[in-house]
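Notes follow once the structure below has been shown.
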Amino acid sequence: MGCCSSRSADSPASRVTRWRSTGIVALRDARLKVVPNEVLQVGNSLRILDLTNNKIAEIPQEVGTLVNMQRLVLAGNLVESIPANIGYLRNLKILTLDRNKISVLPEELGSLSNLQQLSISQNSLSRLPKSVGDLRNMLLLNVSDNKLIALPESIGGCSSLEELQANGNSIEDVPSSICNLVCLKSLSLNGNRICQLPQNLLKDCKALQNISLHDNPISMDQFQQMDGFTEFEARRRKKFDKQIDSNVMMTLAHSACCPDLLQILAQRMEDQMANLRLTDFEFFRIILPGSSKTKLKLPYKFARELGDRELREARLRVAGEGRRPWDVKVFDDDVSGDVYLGRGWQEFARAHDLRDGHFLIFRYDGAAAFTVTVFDETMCRRDYRRHHDAAGTGSSSSSDSSDAAAAAAATAAAEGVGDVALSQFAVTLRQCNLEDKQAQYLNVPMEFQEAHEYARREKVVLRMRGEAWTVRLKHSRRERGQRTAFRYGWHRFCVDNGLAVGDTCFFRVLREGDLRRGGAADDHVLKVAVRKADGTTLE
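Below, the structure written as structure tokens:
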């Protein structure tokens, strides 16, 4: 795919060719007023179309020809209506239409037989089509902040629905058919006009774990008198009390000196966790002196409540950090029967500078996702937002390069590419890495660029998905020495692969190259893999 400096690389025909090879068209924040014709020319090869934050007012009828599309994202535009031809997109799994001006959805929406997520919040919908009940594979429906006065009776046909969000509408009555949603786990109806719920809702929806009804006329007494309330309350349980005794917190400051006392306190507090619930379930862990750095034991009660089905992989997000979640493997110890966070935990702990005596509160958010709150030796919550904001104003944060530093270590070692620790690095993309074409750059970690003599190089070749992009290096002098950044060609690489803020790029040396010769066969080549913010992987 070469250097983006050539004119042919930016021609419509070249763009279509690239989009067909990747299956991804990402035109976020491109100031578009219409869907470009080149997008429609991609045809059956198109899998993902992202047109977020543009000024598109109309979706062309020809969108129905993109029959292999799996994800369509049109959030933050000016769209007023959806063409009936959208019903031809039988392979569509995710449809995101938030923050538009849509007042009506076509009945043909029900033809999207493989749709799993429909999000159309912050629009002007006054009703949902009856055909929404035909979406039997839908897992998530978000219709918050519209003008709905009711949910259709047909919604009971969404037999796979797990989460329904309809906050900020004018809904007065909830249809009795909602009791047919046997897979429903979360129901959010905040800010409506609901006076009562179907009497059998709690009894029939046996998977229901969370109901949110703030700012509605319905009273708590009414809710508690519903059939099945006792069973519902048993499923959800009470939260673990967040109020931690101040004497215990004081002890944490002396953790390095009193490991035995910390172990006793930790055990005693875990034993008091009797009232649990699955969604919003919370537990704590203390980083004890001498404890393993590569794994973290989960409380037995939590592991039992969650069940083996969901304990294969976890996604960790630090409270207030605003970054993409970390993927961490979960495994069982065959001897003790204990359950641990394993591969990925060490990288998570290192990137967040977790140390002995730090106190961690885990909140389970559902779908194997956790929010982690960290308290350090000062007995105060750590503010990671300041850390990352400061890192963003400088060059390239060293924590970025440690985000997943071990992700490709085994591969690098097997291929014999120098020192494993210096053969790869990882960066979580920020806005400065994805500015407009003339301003985009990506700083290379100092240790990496020195190890591979980037000061003497003019370019690198990035390889991903079997293709190659030539990227020119830009050198500049700083107080701490020379700084090198990916510059010309980096924009094309980001656009062609649909990269966005929060995605993590893993770079690994595939070929060192020969500085003395400089031919194409001697280019310095980096293999790239990308973990998207939604957890999917490109490589």
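Heads up: the sequence shown begins at 1 in full-length UniProt numbering, then just goes up one per residue. Quick reminder that beta carbons are idealized off the backbone N, C-alpha and C, glycines included.
Check: Answer with buried or exposed for V417, where buried requires no fewer than 16 other C-beta atoms within 10 angstroms of its C-beta.; Outcome: Residue placement at V417 cannot be trusted, given a pLDDT of 40 that sits under 50; what the coordinates show is reported in the next sentence. Result: buried.
Check: In angstroms with no decimal places, state the Cα-to-Cα distance between Q165 and D356.; Outcome: 40 Å
Check: Taking the beta carbon of R312 as the centre, do at least 16 other beta carbons fall within 10 Å, making it buried, or is it exposed?; Outcome: exposed
Check: Is any heavy atom of the ligand HEM found at a distance shorter than 7 Å from the C-beta of S160?; Outcome: With respect to the ligand HEM, the structure shown offers nothing to examine, as it has no ligands at all.
Check: Could you check where the alpha helix (DSSP H) with D204 kicks off and where it finishes?; Outcome: L201 to D204
Check: By Cβ distance, which residues of its chain are closer than 6 Å to A421, with the 5 residues on each side in sequence left out?; Outcome: No answer about A421 holds up, because its pLDDT of 43 lies below 50 and its placement is not dependable.
Check: Tell me, please, whether the region 454-468 touches the region 47-63 by the rule of three or more beta-carbon pairs shorter than 8 Å.; Outcome: no
Check: What residues in its chain sit with their C-beta under 8 Å from that of R465, if we drop five residues either side in the sequence?; Outcome: S21, T22, N497, L538 and E539
Check: Do you know offhand how far L117's Cα is from L288's?; Outcome: Correcting the residue identity first, residue 117 is Gln in this sequence and not Leu. One C-alpha to the other measures close to 41 Å.
Check: Name the DSSP bridge partner or partners of Y364?; Outcome: F370
Check: Rounded to the nearest angstrom, what separates E447 and A485 at their Cα positions?; Outcome: 13 Å
Check: Tell me whether A412 sits in a helix, a strand or coil according to DSSP, three-state version.; Outcome: Because A412 sits at a pLDDT of 41, beneath the cut-off of 50, its placement in the model cannot be relied upon, and the following sentence gives the value as read from the coordinates. In this structure, A412 counts as helix in the three-state DSSP scheme.
Check: Taking the alpha-carbon positions, what's the Y488 to V34 distance?; Outcome: 28 Å
Check: In this structure, what does DSSP give as the bridge partners for I178?; Outcome: I178 pairs with nothing; no bridge assigned.
Check: The beta strand (DSSP E) with D50 in it runs from where to where?; Outcome: I48 to D50
Check: Less than 6 Å between C-beta atoms, sequence neighbours within five positions excluded: which residues of the same chain meet that for A75?; Outcome: T52, T96, D98 and R99
Check: Could you give the distance in angstroms between the alpha-carbon of R456 and the alpha-carbon of K293?; Outcome: 38 Å
Check: Can you tell which of S212, L202 and K206 has the C-alpha that lies nearest to the C-alpha of G228?; Outcome: L202
Check: To the nearest angstrom, how far is it from the Cα of V501 to the Cα of A529?; Outcome: 15 Å
Check: Could you check if E347 is buried or exposed, using at least 16 other CB atoms within 10 Å of its CB as the buried criterion?; Outcome: buried
Check: Where does L208 land, buried or exposed, given buried means 16+ other C-beta within 10 angstroms?; Outcome: buried
Check: Do you know how far the Cα of N169 is from the Cα of S121?; Outcome: 10 Å
Check: Hey, would you say I194 sits closer than 8 Å to I171, going by beta carbons?; Outcome: yes
Check: Any idea if R483 is buried or exposed, counting beta-carbon neighbours within 10 angstroms, 16 or more meaning buried?; Outcome: buried
Check: Within 10 angstroms of its Cβ, does Q224 collect 16 or more other Cβ (buried), or is it exposed?; Outcome: exposed
Check: Anyone know if the C-beta pair for G87 and L109 falls short of 8 Å?; Outcome: yes
Check: Can you tell me whether L252 is buried or exposed? The criterion is at least 16 other CB atoms within 10 Å of its CB, across all chains shown.; Outcome: Because the pLDDT at L252 is just 49, under 50, the model does not fix this residue reliably, and the point stays unresolved.
Check: Span of the beta strand (DSSP E) holding L95?; Outcome: I94 to T96
Check: How should E162 be labelled, buried or exposed, when 16 other C-beta atoms within 10 angstroms of its C-beta is the threshold for buried?; Outcome: buried
Check: Do I211 and L181 count as a contact pair if the criterion is CB distance below 8 Å?; Outcome: no
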